[in-house]
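Chains S and F are the protein sequences, given in the same order. Residue numbering for the first sequence follows this note's numbering, beginning at 9 and increasing consecutively. Residue numbering for the second sequence follows this note's numbering, beginning at 496 and increasing consecutively. Read through the structure below, which is laid out as structure tokens, and then see the notes.
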Amino acid sequence: MNSISRMNSDGSVSRPRWLTVVGILGIVSMGFTVWLGLWITPPDQVQGNLARLLYIHPPIATVALYWAGGVALAGSLFYLWPRTRSFFWDRLAASAVEVGAVFSALTCITGSIWGRPAWGVWWAWDARLTSTALLFLLELGYLALRRVPADPAIRARRCAVAALLIALDVPIVHFSVDWWQTLHQTGTVLDPGFHLHVHGSMAWTFLLGFIAFSLVFVWLLGVRYRIEVLQDQVGDQEMEISLTERWNEGGDAGAGGSGSAGGDGTAATGTAGTGTAGTAGTAATELVGVGPSAPHDVPEGGAP
Amino acid sequence: MSYVDAGYSIGLGILFLYAVALVLRRRRWERALRIAQRDEHPEHAEHAEEQAAPGARS
Numbered sequence: 009m010n011s012i013s014r015m016n017s018d019g020s021v022s023r024p025r026w027l028t029v030v031g032i033l034g035i036v037s038m039g040f041t042v043w044l045g046l047w048i049t050p051p052d053q054v055q056g057n058l059a060r061l062l063y064i065h066p067p068i069a070t071v072a073l074y075w076a077g078g079v080a081l082a083g084s085l086f087y088l089w090p091r092t093r094s095f096f097w098d099r100l101a102a103s104a105v106e107v108g109a110v111f112s113a114l115t116c117i118t119g120s121i122w123g124r125p126a127w128g129v130w131w132a133w134d135a136r137l138t139s140t141a142l143l144f145l146l147e148l149g150y151l152a153l154r155r156v157p158a159d160p161a162i163r164a165r166r167c168a169v170a171a172l173l174i175a176l177d178v179p180i181v182h183f184s185v186d187w188w189q190t191l192h193q194t195g196t197v198l199d200p201g202f203h204l205h206v207h208g209s210m211a212w213t214f215l216l217g218f219i220a221f222s223l224v225f226v227w228l229l230g231v232r233y234r235i236e237v238l239q240d241q242v243g244d245q246e247m248e249i250s251l252t253e254r255w256n257e258g259g260d261a262g263a264g265g266s267g268s269a270g271g272d273g274t275a276a277t278g279t280a281g282t283g284t285a286g287t288a289g290t291a292a293t294e295l296v297g298v299g300p301s302a303p304h305d306v307p308e309g310g311a312p
Numbered sequence: 496m497s498y499v500d501a502g503y504s505i506g507l508g509i510l511f512l513y514a515v516a517l518v519l520r521r522r523r524w525e526r527a528l529r530i531a532q533r534d535e536h537p538e539h540a541e542h543a544e545e546q547a548a549p550g551a552r553s
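The following block contains the structure:
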């Protein structure tokens, strides 16, 4: 187990304190960002009050693109690399992609709300907007792929490859405003020469916005990761219960043991494929061993 | 309502709803784990009894 979720002696998963602290800091910094962004900072010389939307839109896009995309890429690469292969990385990448999908959707929504008064349209098939929408669709595809029943190891490998496709889109989104003529402006905060475009209280609010959304991302990622761990544990428990029940049924059925053995094999494949990973792999292996050829499947004194 | 208000409300509102949904999902899975563990233990106890007295049920 790792520091994101620790297993207690009774098998339950504890909630790490640092994650709670991160969550509280995220909420507090978010509150300050909204307060500064809506009431304290002055209106922009060109955009007026509309510029206040930019205290949340670029930070949300940063999280969607770099934090979520980076964690998904790192997790997938570590999973694919044989020396570091662990279901920890698979779960982390899956969690990052789901949280990233929410932030990608928010990027499109907040950008669209800003674009309507600024550009006169809700949406344009501009390179930056299209590649961001593609990122969102790729993330949805990853989540759909994750729901396809398969052996946990095969599913993890498939998803890791899918995450690499998502990661390929990240530099396209980033450089789209440089590579193509777009409606979207180039660097909002920094230009290519790393000169700051924003100053004073506006710059501090921007910075706080980046910190706030990053903290919220870490908290969401931690909670989502723990759900993955819990899903695996429940999957393990269910398989063990199912195995014990079948075992008992086999014992009760007596000579009918061979029939229930076939049922066990089917149940094992179905349960393992419908949403368990990690330690479920061990249980799945055990269940595979309960097929018709497994010696301990023969009910006591009932085998033909 | 201005575009700015709409942007903040929708953006932060969706994020809040997602966070609440995640917390509820986590609680549901924690409950499911507790139930699965509770269900598992009687079976184990019964199975242990069977192993202790192999001919008792047949």
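Where a beta carbon is used, it is the ideal one built from N, C-alpha and C, also for glycine.
Against P50 of chain S, chain F offers no close residue; the least beta-carbon distance is about 14 angstroms (beta-carbon pairs closer than 9 angstroms). A residue is called buried when at least 16 other Cβ atoms come within 10 angstroms of its Cβ; F511 of chain F does not meet this threshold and is exposed. Interface annotation, P90 of chain S: not in contact with chain F, CB-CB separation never under 9 angstroms.
Going by beta carbons, G217 of chain S and I117 of chain S fall outside the 9 angstroms limit.
By the Cβ neighbour-count rule, V169 of chain S is exposed, with fewer than 16 other Cβ atoms within 10 Å of its own. With a threshold of 9 angstroms between beta carbons, G128 of chain S makes no contact with chain F.
Listed by position along chain S, the residues whose Cβ is nearer than 7 angstroms to that of V499 of chain F are N57, L58, R60 and L61. For a Cβ distance threshold of 8 angstroms, nothing in chain S lies close to G508 of chain F: the least Cβ distance comes to about 10 angstroms. For the options S:W43, S:R166 and S:R91, the alpha carbon positioned closest to that of R154 of chain S is the one of S:R166. A Cβ-Cβ separation of about 30 angstroms leaves R521 of chain F out of contact with L142 of chain S under the 8 angstroms criterion. With respect to chain F, the C-beta atom of T118 of chain S has a partner C-beta closer than 9 angstroms.
A contact between stretches requires three or more CB pairs, one per stretch, nearer than 8 angstroms, and the region 129 to 139 of chain S meets this requirement with the region 189 to 206 of chain S.
Straight-line measurement puts the Cα of Q55 of chain S at about 46 angstroms from the Cα of R523 of chain F. For V518 of chain F, the residues of chain S that pass the 7 angstroms Cβ criterion are V231, in the order they occur in the chain. Each residue's CA atom was taken as its position, placing D159 of chain S and L176 of chain S some 26 angstroms apart. In this structure, F214 of chain S sits away from L61 of chain S, with a CB-CB distance that is not shorter than 9 angstroms.
Straight through space, the alpha carbons of F221 of chain S and T70 of chain S are spaced by roughly 9 angstroms. Chain F places a beta carbon closer than 9 angstroms to that of R124 of chain S, counting this residue as a contact. G56 of chain S carries a strand assignment under DSSP once its states are collapsed to helix, strand and coil. With respect to chain F, the C-beta atom of G208 of chain S has no partner C-beta closer than 9 angstroms. The C-beta separation of G506 of chain F from I68 of chain S comes to about 7 angstroms, placing the pair in contact by the 8 angstroms criterion.
F202 of chain S: not part of any alpha helix (DSSP H); DSSP gives it neither H nor E. Under the three-state reduction of DSSP output, L228 of chain S falls in the helix class. If you look at T118 of chain S, you'll find it in the alpha helix (DSSP H) that goes F95 to W127.
Interface residue (Cβ-Cβ distance to chain F less than 9 angstroms): H65 of chain S is classified as such.
Put simply, the CB of G45 of chain S is near chain F, with a gap under 9 angstroms to one of its CB atoms.
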